[in-house]
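Numbering (the numbering used here), first residue to last: 258 to 564. Virtual Cβ for every residue (Gly too), placed ideally from N, Cα, C. Given the structure is predicted, the values throughout are model-derived calculations rather than measurements.
In structure tokens form, the structure reads like this:
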């Protein structure tokens, strides 16, 4: 990783200047039409359920540990591939859930995943409490969220762009080195790509090289439209050749449509919640997503006897 320049931008930002950023005036609809010339729909899609974490952020929902264990068993019976149990260290309830899950939860279909964030700015992975909690949870699969929008790296984190890349890549490498399968949730991926595609691609390429098995593009603000999702997912699939997932919110009322667009563009994992539960207007609803993919689009999701 190259040292940052004095203005905090670093080499990654300099390379981004070589190509005009895709701003609000960019013709993403035309790019979506061009990308649609090839059939990109995968034969199968992984269903990653985050009802127990992201879904529980809906106002009025408060799940006990017993509730979470019971819901996890039902999700396993449904046949989803991954169940995100929570964020250890964020609250005592999630700590207790993972401790009890290790003893009481016997999953037949799904794999339990733990969620957290990258290391702190200018810190080390070895001394990072969040990463330590992720490893202590004992799950084989870890999903970490990191910054993918240059504006948030320099503005919210007050870090250089190169440090933003290092935070993500080093965290992934640390977890992979500890024997974990790692998914990377790229926060504000769609907004970041529209603003500065080269930086977003630099982050994603770095975490892929570090060993992340899924690069999950998050519409954190929930403001992206289906043609934009299609164009951006297709361009990132073409640029990186890595397995891409999508994590979508429903602020525009397009959560389900966006998920289907993402899959048509080549995404192989959809992260969402049952009934679209989640903060603000919710996450993308896995119930119609699974049905539409399996019954209308011919994409394998759940076992046929669970549909």
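When C-alpha distances from residue 515 are compared across 321, 367 and 477, the shortest belongs to 477. Residue state for residue 530 is assigned as strand, using DSSP reduced to three classes. Take the alpha-carbon of residue 285 and the one of residue 489: they are about 8 Å apart.
For residue 403, the enclosing beta strand (DSSP E) has its first and last residue at 398 to 404. With fewer than 16 other beta carbons inside 10 angstroms of its own, residue 300 counts as exposed. In this model, residue 539 and residue 319 are separated by some 15 Å (Cα to Cα). For residue 432, there is no enclosing beta strand (DSSP E); the enclosing alpha helix (DSSP H) has its first and last residue at 418 to 434.
By the criterion of a C-beta distance shorter than 7 Å, residue 483 is surrounded in its chain by 511, 514, 515 and 518, once the five residues flanking it on both sides are discounted. If the five residues before and after residue 359 are omitted, its C-beta is found closer than 6 Å to the C-beta atoms of 395, all from its own chain and listed in chain order. For residue 438, the enclosing beta strand (DSSP E) stretches over residues 438 to 444.
If you ignore the 5 residues before and after residue 379, its C-beta comes within less than 8 Å of the C-beta of 416 and 420, all in its own chain and listed in chain order. The distance from the Cβ of residue 440 to that of residue 471 is about 4 Å, consistent with a contact at the 8 Å cut-off. Only exposed fits residue 363, as fewer than 16 other CB atoms lie within 10 angstroms of its CB.
At least 7 Å separates the beta-carbon of residue 455 from that of residue 402. Take residue 427, set aside five residues on each side of it, and the residues of its chain with a beta-carbon closer than 6 Å to its own are 382, in chain order.
For residue 493, there is no enclosing beta strand (DSSP E); the enclosing alpha helix (DSSP H) covers residues 483 to 497. The C-alpha of residue 392 lies about 8 Å from the C-alpha of residue 437. Around the C-beta of residue 453, 16 or more other C-beta atoms lie within 10 Å, and the residue is accordingly described as buried. By the 16-neighbour rule on beta-carbons within 10 angstroms, residue 341 is buried. Taking residue 372 as the centre and dropping the five residues before and after it, the same chain places the C-beta of 310, 341, 344 and 400 closer than 6 Å to its C-beta, in chain order. Annotation: residue 364 is outside any alpha helix (DSSP H) and is labelled neither H nor E by DSSP. Straight through space, the alpha carbons of residue 474 and residue 433 are spaced by roughly 20 Å. A residue is called buried once 16 or more other Cβ atoms fall within 10 Å of its Cβ, and residue 461 is buried on that count. Between residue 464 and residue 429, the CB-CB gap stays under 7 Å.
Each residue's CA atom was taken as its position, placing residue 413 and residue 389 some 24 Å apart. For residue 470, there is no enclosing alpha helix (DSSP H), as DSSP marks it with neither H nor E.
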